[in-house]
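Structure record follows, encoded as structure tokens.
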Amino acid sequence: MAPRKDGDVVLTFNAKWVSWAHTTAAYAAFVGAFVVGCYLHYHKIVQNEWFGYPQEWFPSVSATIGDRYPERSVFMVFIAITSGPRFLLVGLWYVLTRRPNTNLPGIVAGVGIFRTLTCGGWTYVTSTDDHDWHDIFMISYLVATLPWTLGCLSLSPPNPKAIKYRKIFAGLFFGTLVPLVYFFIQHKVHRVPGAYTIYAFFEWSLVLLDVAFDAVTALDFETFELVVRDVKGLSRGDAKLLKDDAKEKARESSFVQSSTFDGPYYWPAILDAAADIYCGFVFWSILTSLGVLVWYFPLWHMGISGYEVMIMTTLSPILLAVPFLRSAIIQNIRWVHLSSLAGLLAWNVKNQANRLFTVGFAVGAGCLTWSALWYAERRNTPRLQARILAFGIGLILSSIAKFANQTNNPVWPILNSENGGWNKTGFVLAVIAVWRATRASDASGGDLQTPNSKKGSSVLAAFGFGGLMFALHSLLSDSSTMILWVWEGYPVQGPLSVPHGAMTILVMSVGLFLGIALPGVFGSWTAFGVGSLGAAFLTYYSNWTGYYGALVLTLYVMGVAPVVITSAIQHNPATTFGLGFFVYNFMVLFHVWVVAYAFVPGGPLVRERTDWVMITTMLLIGAGVFSALITNSGRASRASKGPQGRQKTAYYMHILVALQLLTASIAYLRFPTNDYQPYHKDEKVLTAGIWTIHFSLDNDMWSSEKRQAALIREMELDVIGLLESDTQRIIMGNRDPSQYLAEELGMYVDYGPGPNKHTWGAALLSKYPIINSTHHLLPSPVGELAPAIEATLDVSGTLVDVFVFHSGQEEDPEDRRLQSEYMARIMKASPRPAILLSYLVIKPKEGNYHTYVGEKSGMHDIDSRDWDRWCEYILYKDIKRVGYARVSRGTITDTELQVGKFVVGEPASYTDERIPEEHVRPGRRFPAMFRGAGVREHRYHVFNEPWYYA
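If you count the sequence shown from 1, position 547 lands on 547 in my numbering, and the numbers rise without skipping.
Below, the structure written as structure tokens:
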């Protein structure tokens, strides 16, 4: 609104001084607090939870502006002063950048206001006041920084100097995040002296760069002049009159700039994109749940059950071979799609077999739906591109959902309202999404193939699609899968599931974006070679080297997906998708056979050959690329580069960016605190347990992590070994139960040998710091490969070795003999107090028992008089044993929990003489709640009470 001209000008000044006032006040807040803090409390503000001066000598931002008086007050005063210029700066930026037919300036202004309010939130609500709300405000502020920065860059007026500085400050800001996170992990996880000081330098750099980015507005605001006019003449005695024509000239000097974001922001279109993506999420959620349900049956049968045939429901696209069926399915795609949502209602089916059949039907309907959708859009590149993006972003959203929910998808049929499921919410949203995504839309033309254009082989295209689906599902349906491939234990020398799972998701998103933008690049043999190199590094290397290979492979697989799918739809869909899913099924069985070789016919032929699986996967994708080089070259794809294609794609990309902000927030919230405390630290008690958790599927096919955590917490276990814990395969849902247990219980975790080590899994969780751990694969010439963890814990200042071990099966006595000798050697070699938490498959005082217990190992049985054991045993040496208990499993698994209590710093005693509980100090007793009937079917059983020893 133009200023009124019928009055005297009281004050006028250039708008650039708003920017300068904002910059000055903001820097004064931080610098003032820094100077006062260093002068008054230097040694206190450089101190952190691990180290102080002189190892740490530069304070972090949070420590400087935190709770100490008076630096906190100095900071708050100047930040309060900053708020006025800040709101004015956001308003002026909106006035400068607004233009007809675009909502982007308003959106950016809204983000700017939100960011300012959240800054006040984390400033005036410290972590001491309310830790949760402080984190909420801080995360919201950091998340809003990305759209604010990108929005300002997009809307920058054509001022070369200002654009240059914005790019420099933005690039430095986001570039600084990488070393910032790295040194924070070095401090928090690895406890490296001095790492927090380096982290503090990067943290301060972020603050300075953040303010500097907004300071650039001074160069743009020089075109503005702010005028205060007295319209009633009350200040006429002091006011100076400025010429109206001078002010008009100043207003006219503002310029109009163009932007790639010109045009209205069509909100219904972004709702369409969101609905499309959610449909992709539902498909991946149902598909990834099928394997978990199938696994339940061979798990209980200990071999082929017959229910494995349900994975063949993915072959439903062969129905598209019949022309009238293909036409009917495409014309009624909404109802076919809605039928696939039965998989989201399967949690209501209590009978395990019927639940599997329900999900199998849903998977079949889902595979048929997406195959038909792609085929129907084969001549409309913008819409096809949107469908492929929805499919890819749906996978990313599924991975994010699992990242947020400790690797369980909240809409899976193994979850319900009691163990973390969001099934009802997921179903309602799915119905809305399908209804919107499948409504009729006007055709806008297409990019038809040129006459007599060549097509590649439909069979090779099917191979490519099958290999692509397997790679996406086996490696990228959970952000922690490949991280656990390269995991080698403590000290940590590679990525962690949290926070580095967010990096995997980011690279997935970048790969999908580049695949849409640069299909020619990802469809080339050069890209295939780079992707194959990444696969080789992932397969053959560990730690960071292997993970870098994993990221390269991730980028390639997501980038080549649009190329392979675009090629596949140009052939008969029954061939490319029907045969493609058959190849996918073959690969699913192949990658299970490499570890399940002892239970399946022909298994020994592919025993422990993950490298064969990876080579086959890449060859299949290569076959698809070979076909695509011919097929896609014959398609006129200008539509994807036109304004309609760009605009339609933009909405999906906006959602993709928002999902990255969500992922970063999840990573921040889940970052391990590493400040865990034992239950009875003052007593120097170590309560250790061993439990075979049966892949975290209970007797009734429900996820059991929450009930496991409840029992472990109530039994006050400081250390626990978990067996049958590796669930990072398609058939087991690509899950990791140890993540939930570690975070829920506040424990350090060693996942044990990774999923590419071909074992059923062994994991270690500890309240005490894990100083070092080594993974062992024991000799198993015939039967299943036996895993073991050898870890050194810092137990109240005393180093204690803990071994977690799962021996081979009963049918392979030679394997078990060799394994007993191997374990005896490494336990004997331990120079420290030691505890074995194990699954031995022996009878007390018979056979290999004398190898595990006795002179060969130096170990002692926790109670040699307990004759009623077969699998689980706790052994120990050079540490005082004070208690032993056996706790019934309830419905969680098929194996009880065994627990031993030990004390460091007192002489070891190996007598089995028991003492009454009243002679035991309270801090060394087992919880009384499990006496008698216990709770939730957990009670002390076999001898009905704990045993205590002098």
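Note that CB positions come from ideal geometry on N, CA and C, so glycine has one too. Keep in mind that this is a model prediction, so the values were computed, not measured.
Have a look at the DSSP bridge pairing and note the partners of residue i.
i           : result
residue 861 : 875
residue 792 : 772, 801
residue 14  : 225
residue 947 : 884
residue 901 : 687, 883
residue 787 : 777
residue 938 : 935
residue 749 : 765
residue 719 : 688, 766
residue 199 : Residue 199 pairs with nothing; no bridge assigned.
residue 806 : 839
residue 834 : 801, 877
Does the beta-carbon of residue i have 16 or more other beta-carbons within 10 angstroms, so that it is buried, or is it exposed?
i           : result
residue 432 : exposed
residue 402 : buried
residue 864 : exposed
residue 855 : exposed
residue 143 : buried
residue 527 : buried
residue 304 : exposed
residue 43  : exposed
residue 428 : exposed
residue 771 : exposed
residue 469 : buried
residue 626 : buried
residue 576 : buried
residue 748 : buried
residue 241 : With a pLDDT of only 41 at residue 241, under 50, the local geometry of the prediction cannot be trusted, and no value is derived from it.
residue 820 : buried
residue 532 : buried
residue 301 : exposed
residue 933 : exposed
residue 39  : exposed
residue 417 : exposed
residue 444 : In this predicted model, residue 444 has a pLDDT of only 39, less than 50, meaning its place in the structure is not dependable; the value taken from the coordinates is given anyway. So residue 444 counts as exposed.
From the options, pick the residue whose C-alpha is nearest to that of residue i; which is it?
i           : options            : result
residue 597 : 686, 684, 760      : 760
residue 153 : 136, 125, 113, 108 : 108
residue 483 : 396, 753, 298, 426 : 753
residue 824 : 877, 712, 809      : 877
residue 488 : 763, 399, 515      : 763
residue 743 : 20, 776, 728, 766  : 766
residue 413 : 599, 354, 593      : 354
residue 655 : 386, 893, 628      : 386
residue 783 : 684, 608, 822      : 608
residue 223 : 18, 407, 780, 195  : 18
residue 85  : 559, 21, 757, 126  : 21
residue 952 : 23, 853, 193       : Here the chain covers residues 1 to 950 and nothing more, so residue 952 does not appear.
residue 299 : 724, 757, 610      : 724
residue 389 : 561, 794, 99       : 561
residue 266 : 181, 12, 650       : 650
residue 956 : 846, 884, 145, 880 : Residue 956 falls outside the range modelled here, since the chain spans only 1 to 950, and no answer is possible.
Quick check on residue i - is its C-beta less than 7 Å from some C-beta in chain C?
i           : result
residue 404 : The structure shown has no chain C; it contains just one protein chain.
Tell me, to the nearest whole angstrom, how far the beta carbon of residue i is from that of residue j; I am working on the premise that it is less than 8 Å.
i           : j           : result
residue 460 : residue 363 : Their Cβ separation, rounded to whole angstroms, is 25 Å, which puts residue 460 and residue 363 out of contact at 8 Å.
residue 204 : residue 292 : No, residue 204 and residue 292 are not in contact; Cβ-Cβ is about 47 Å, not under 8 Å.
residue 183 : residue 198 : 5 Å
residue 82  : residue 71  : 16 Å between Cβ atoms; not a contact.
>> Closer than 8 Å is the cut-off here; do at least three beta carbon pairs connect the stretch 367 to 383 with the stretch 324 to 336?
In response: yes
>> Does the structure place the stretch 656 to 664 close enough to the stretch 136 to 148 that three or more beta carbon pairs sit under 8 Å?
In response: yes
> Can we say the stretch 801 to 813 touches the stretch 838 to 847, given the rule of at least three CB pairs closer than 8 Å?
Replying inline: yes
> Just checking, does the stretch 497 to 506 make contact with the stretch 543 to 551 on the three C-beta pairs under 8 Å criterion?
Replying inline: yes
> Within the chosen definition, does the stretch 375 to 385 reach the stretch 266 to 273 through at least 3 CB pairs nearer than 8 Å?
Replying inline: no
> Okay, do the stretch 704 to 717 and the stretch 888 to 901 touch, 3+ Cβ pairs below 8 Å being the bar?
Replying inline: yes
> Does the stretch 110 to 127 come within contact of the stretch 84 to 101, defined as at least 3 CB pairs closer than 8 Å?
Replying inline: By the criterion of at least three beta-carbon pairs nearer than 8 Å, the stretch 110 to 127 is in contact with the stretch 84 to 101.
> Between the stretch 779 to 797 and the stretch 502 to 511, are three or more C-beta pairs nearer than 8 Å?
Replying inline: no
> With a cut-off of 8 Å, do at least 3 Cβ pairs link the stretch 717 to 732 to the stretch 570 to 585?
Replying inline: no
> Can at least three beta-carbon pairs, one atom from the stretch 811 to 828 and one from the stretch 600 to 618, be found at a separation below 8 Å?
Replying inline: no
> Do the stretch 25 to 41 and the stretch 162 to 178 meet, that is, are 3 or more Cβ pairs less than 8 Å apart?
Replying inline: no
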